[in-house]
């Protein structure tokens, strides 16, 4: 059953990539980023039982894998980030929030709404953290390279 879900996530992410008109030869990579993020989220959620933390870690996985692919393929990371996010979007949770509110179950609606908002915020924060990590690593490498070259000049 897990294989079927992985295949579905791959096709979902690739379909979003096609819809956003990313280059054809990069569509499979975008699907792969979605699969990696979803697998990370499912594994973390099954171990820690925290969908918000799992989504955060899945988002970090999206950011890091997108940045790695961007460097390897010399393309913008956003090509891989946007389709990769789709499997993590809390659409079902947002829908259930609205249903609870319409039914008059405001306590459950607000509770679900807060979880949905926190999940969305964790996605944004995960991308921010991964972009910061990549920037720090690249700056460190560039500074090391400059130090080596400066020492060679003397």
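Residue numbers (our numbering): 111 to 264. Just so you know, even glycine gets a beta-carbon here, dropped at the ideal spot from N, CA and C.
Rounded to a whole number of angstroms, what is the C-alpha to C-alpha distance between residue i and residue j?
i	j	result
residue 222	residue 203	7 Å
residue 249	residue 243	10 Å
residue 237	residue 169	6 Å
residue 154	residue 116	16 Å
residue 181	residue 175	10 Å
residue 111	residue 121	16 Å
residue 124	residue 212	34 Å
residue 179	residue 113	24 Å
residue 159	residue 165	11 Å
residue 210	residue 146	32 Å
Counting along the chain, where does the alpha helix (DSSP H) carrying residue i start and finish?
i	result
residue 193	188 to 195
residue 167	161 to 183
residue 134	134 to 158
Determine the contact status of residue i and residue j, defining contact as a CB-CB distance below 9 Å.
i	j	result
residue 144	residue 196	yes
residue 230	residue 200	yes
residue 193	residue 132	yes
residue 241	residue 177	yes
residue 185	residue 246	no
With a threshold of 16 other CB atoms inside 10 Å of the CB of residue i, please say whether the residue is buried or exposed.
i	result
residue 141	buried
residue 151	buried
residue 188	exposed
residue 208	exposed
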